[in-house]
Ligand code: SF4
Ligand code: SF4
Ligand code: SF4
Ligand code: SF4
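Residue numbers (our numbering), protein chains in the order written: chain H, 195 to 406; chain A, 1072 to 1829.
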């Protein structure tokens, strides 16, 4: 099994409820978001202060999307990669990949704050908390899931725009290679990110007042 | 670390900040510029906390009491007396397990270092920034003495004014009005800046404001979101709209702005601002001409259809409709005809549309179109605007008797606002009502007696009221301004005394919505932090002090328990409507009112008992019996300014929180690229937006989400940012509102501005 986020840009409101629900659950320090709602067509990812993106990764320009400002989004957190760089680089085993669920977990009680994962993750998903001198990231609310609940972000999304799927379930085959449009994203990273995307589109009919 | 018990206790004990050098300052009493700068140092109390399993927490029922369609039912998780996180209640099919971005910031709101913690007095005078911490006893003593002194000098308490609005819509919060009732006849800022023109319009047409259950929209076959943006402001409604769309319904958004909801619709139609009423009249004419109107329903249930049709025949020229609205005629025809053919079909009208000088007339025109199409009184149909049909509480906290011998106002009586219309016995005196939408000038102009004391609760006057310069003048000429709030906002800066108020997690209350049909208990989940008190407790303390100074001068209970007060609000009618035997059942979760389709029985509370196309009342009050086309206010400056509600805030609440700054840090003005080019403004430039009222400086974003000729700025209050869009709004009235809410609304969206690059 590989648990993964399926984010539906066709219905996502960009409301940031998911990102805030994550803060509500884990109280990340000011300035840190484990989940970030990224605007399609707006290239703000690289300038996000909290993302340290490794220069070796090539950020393939995603298929271009001409989307109106502040209307279409993908909600992204850790990609719970099939071949996670964070797990590979961590010298003390603070990052682990759950063999059963495929969730990439980070354990703060073990983390020594070397920052390796922060630099290795091609997606800026692992964040460095300056105050604590430790890394932190989305562990797919594994404690909640173990307790029979869904993740905080999934539960609070008002329209169900984030789902947790099993990537290995043939049911989701159609999403296998769906890369996001309109946002910078290391689609072909060797880590094999598990997040999948449903693309948005403009309304069928759009009438705007004539110019002048 | 987290918000552990120790952490919270250390804040409570140490007061304003944990920084020890500040302790000295706090003890010495005088703090200048409280609570700016260094006093806000303690922002990050917390970092990752693990989820410990459902059983490790105590849970409580809460509600989001803000002025929001969604009025979410909340489940609060508490450990060792400290709030850990919240969830939406899963029992409510409407909240469905999750709050919005704002609701999810509540933990930060409660434990924010920016919260008001103690009663404070501005010893250097209003706006001086020279504050001193005082005790509750001192605060109550000052206020009580002032009230009694005024009563002695004036012979009445009409010099004491209350302005309270939508900061907390919990039922016991009407105890704030109750506090003012209990001291005598006073002055009230009455009316509503929110939705009054539409309330009047719906009452003229249907004798009530009453909407179908939003959850029914999932079965609608055609939905027009007319000037409403639920993707931002009623996110929980979107799932029903999506469901309808998935089942094949067409969802059309008509709006001057390409909104978030528009981006998710089947069709977006941009319209010239303020011409929506004309569009609706044209659409009605089209379906009548095509014989797609519901003649049978109209015959049985309406009054004045003939006159209305005659008006359409004579005055409404479709070419003109197209020209004025800016929408091609073929598109209008297609829209009207497909709406009429789909059954059930529904229109949801937003509150922005009626914030125009012709706002009420536009709502009336749309009501009429829905009526003609035969969709009133139908499941999943309806002309939706809002409702108060689940608000039939006792208003026990509100209903306090006047002290014996109270003298009041003898002028004509006005209405008291849209919510709590509690029938009282006709007295010789009444309170004095001033128009809340002209707060500044009404406070300045009130005579005999002049207003000397102003109490502000559940409201941020400087963020929400208009004409800032006049407001400062008005505040400065008052002897005593008391502001009860949770944060040190702009209004607090102009106060003499600020009182720290409890959040809903620190008190009991009960909540219903003006949109959906759920009832939610609000339990006290944690002990009040610092020295905060609930509004009811503040009223009780004031009563105690007044009675000590002058026995019998205040009838409010001298000690209250918010739980007992909450229980008193229930009655058999509420129990019957919600199918419960006792309020205690609400501990198991929110409950929904028994389903009723508004007007399905064909009974309307209008004078004729029918849907009134022709309303004598409308003729008497507003000069037109029929829903007719009224032209919108003429521009007085180069660009129209529109100031819708932001998804990050509810009026001036939430955007000021630390967590909200993480997802939305600063305000922008949104400008159409065409206009920006003419003014040589580029993306990200700082611009000045100005008019005869004021000037704002902020960054520009260029987008054709707004039409040329219009600039858009959201209504928000930021911490440490002087941005306030209402500074540009004058207080011109909308056409309606005085009928049902005591005062006309404000034509907020008929504001005009100019801008230039800085
Ligand atoms: S995923 Fe859901 S909660 Fe997150 S922004 Fe999109 S709609 Fe909002
Ligand atoms: S996205 Fe980054 S942090 Fe998450 S699993 Fe992949 S490499 Fe690790
Ligand atoms: S799964 Fe949990 S930790 Fe990850 S983004 Fe969602 S709420 Fe945050
Ligand atoms: S602001 Fe509205 S949507 Fe958000 S939590 Fe409160 S009631 Fe719910």
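C-beta: ideal position from N, C-alpha, C; glycine also.
Cβ-based burial, residue i [other Cβ within 10 Å; buried from 16]
i: residue 383 of chain H; result: buried
i: residue 1157 of chain A; result: buried
i: residue 1468 of chain A; result: buried
i: residue 1768 of chain A; result: exposed
i: residue 1030 of chain A; result: With chain A running from 1072 to 1829 in the structure shown, residue 1030 of chain A is simply not present.
i: residue 1636 of chain A; result: buried
i: residue 1104 of chain A; result: Unreliable positioning characterises residue 1104 of chain A in this predicted model, as indicated by a pLDDT of 33, which lies under 50. The coordinate reading is nonetheless provided below. Its Cβ having fewer than 16 others within 10 Å, residue 1104 of chain A is exposed.
i: residue 1494 of chain A; result: With a pLDDT of 46 at residue 1494 of chain A, under the threshold of 50, the modelled position of this residue cannot be trusted, and the question is left open.
i: residue 1438 of chain A; result: buried
i: residue 1370 of chain A; result: exposed
i: residue 1204 of chain A; result: buried
i: residue 286 of chain H; result: exposed
i: residue 270 of chain H; result: buried
Separation of residue j from residue i, as counted between CA atoms
i: residue 292 of chain H; j: residue 299 of chain H; result: 7 Å
i: residue 1505 of chain A; j: residue 1232 of chain A; result: 9 Å
i: residue 1507 of chain A; j: residue 1159 of chain A; result: 34 Å
i: residue 1513 of chain A; j: residue 1441 of chain A; result: 38 Å
i: residue 1073 of chain A; j: residue 1122 of chain A; result: Interpretation of residue 1073 of chain A is limited by its pLDDT of 45, a score under 50 that renders its predicted location unreliable; the figure taken from the coordinates is listed afterwards. Near 11 Å, if we compare the C-alpha coordinates of residue 1122 of chain A and residue 1073 of chain A.
i: residue 1414 of chain A; j: residue 1579 of chain A; result: 43 Å
i: residue 359 of chain H; j: residue 1695 of chain A; result: 59 Å
i: residue 234 of chain H; j: residue 355 of chain H; result: 15 Å
i: residue 1264 of chain A; j: residue 1180 of chain A; result: 25 Å
i: residue 1102 of chain A; j: residue 1600 of chain A; result: Its pLDDT being 36, under 50, residue 1102 of chain A is placed unreliably in this model, and the value from its coordinates should be taken loosely. One C-alpha to the other measures close to 21 Å.
i: residue 1284 of chain A; j: residue 1223 of chain A; result: 51 Å
i: residue 1325 of chain A; j: residue 1501 of chain A; result: 43 Å
i: residue 302 of chain H; j: residue 1133 of chain A; result: 32 Å
i: residue 1616 of chain A; j: residue 1628 of chain A; result: 11 Å
i: residue 1773 of chain A; j: residue 1530 of chain A; result: 33 Å
i: residue 349 of chain H; j: residue 1643 of chain A; result: 35 Å
i: residue 1275 of chain A; j: residue 1366 of chain A; result: 21 Å
i: residue 1726 of chain A; j: residue 1436 of chain A; result: 35 Å
Cβ-Cβ distance between residue i and residue j below 8 Å
i: residue 1353 of chain A; j: residue 1427 of chain A; result: no
i: residue 347 of chain H; j: residue 232 of chain H; result: no
i: residue 1570 of chain A; j: residue 1553 of chain A; result: yes
i: residue 1568 of chain A; j: residue 221 of chain H; result: no
i: residue 1667 of chain A; j: residue 1649 of chain A; result: no
i: residue 1253 of chain A; j: residue 1471 of chain A; result: yes
i: residue 1722 of chain A; j: residue 1138 of chain A; result: yes
i: residue 1693 of chain A; j: residue 1373 of chain A; result: no
i: residue 1193 of chain A; j: residue 1566 of chain A; result: yes
i: residue 1383 of chain A; j: residue 1356 of chain A; result: yes
i: residue 1537 of chain A; j: residue 1824 of chain A; result: no
Nearest candidate by alpha-carbon position, reference residue i, set the options
i: residue 1698 of chain A; options: A:1331, A:1480 and A:1273; result: A:1273
i: residue 1330 of chain A; options: H:368, H:349, H:221 and H:266; result: H:266
i: residue 1831 of chain A; options: A:1195, A:1789 and A:1664; result: Given a span of 1072 to 1829 for chain A in the structure shown, any question on residue 1831 of chain A remains unanswerable.
i: residue 1732 of chain A; options: A:1183, A:1162 and A:1137; result: A:1183
i: residue 1581 of chain A; options: A:1516, A:1517 and A:1466; result: A:1466
i: residue 1775 of chain A; options: A:1324, A:1616 and A:1743; result: A:1743
i: residue 1304 of chain A; options: H:200, H:210 and H:196; result: H:210
i: residue 1798 of chain A; options: A:1819, A:1813 and A:1805; result: A:1819
i: residue 1651 of chain A; options: A:1705, A:1693, A:1590 and A:1611; result: A:1590
i: residue 1703 of chain A; options: A:1763, A:1596, A:1424 and A:1289; result: A:1424
i: residue 310 of chain H; options: H:326, H:276 and H:280; result: H:280
i: residue 1481 of chain A; options: A:1586, A:1258, A:1310 and A:1311; result: A:1258
i: residue 272 of chain H; options: H:391, H:387, H:375 and H:350; result: H:387
i: residue 1359 of chain A; options: A:1376, A:1347 and A:1679; result: A:1376
(request) Taking only runs that begin and end inside the segment 1199 to 1275 of chain A, name each unbroken alpha helix (DSSP H) of 4 or more residues, in chain order. (result) 1207 to 1225 and 1246 to 1252
(request) At 4 residues or longer, and completely inside the segment 1733 to 1772 of chain A: list those alpha helix (DSSP H) runs for me, N to C. (result) For the segment 1733 to 1772 of chain A, whole alpha helix (DSSP H) runs of length 4 or above, ordered along the chain, are 1744 to 1749.
(request) Quick one: which unbroken beta strand (DSSP E) runs of 3-plus residues sit fully inside the segment 1611 to 1690 of chain A? Chain order, please. (result) Scanning the segment 1611 to 1690 of chain A from its first residue to its last, no whole beta strand (DSSP E) run of 3-plus residues comes out.
(message) At 3 residues or longer, what runs of the beta strand (DSSP E) sit wholly inside the segment 1277 to 1347 of chain A?
(response) 1293 to 1297, 1321 to 1326 and 1338 to 1341
(message) Which runs of the beta strand (DSSP E) at least 3 residues long sit entirely within the segment 249 to 319 of chain H? Give them in chain order.
(response) The qualifying runs are 267 to 270, 289 to 291 and 298 to 300.
(request) Residues of the segment 347 to 367 of chain H with a CB closer than 8 Å to any CB of chain D: list them in chain order, please. (result) Although the question refers to chain D, the structure presented lacks it and instead comprises the protein chains H and A.
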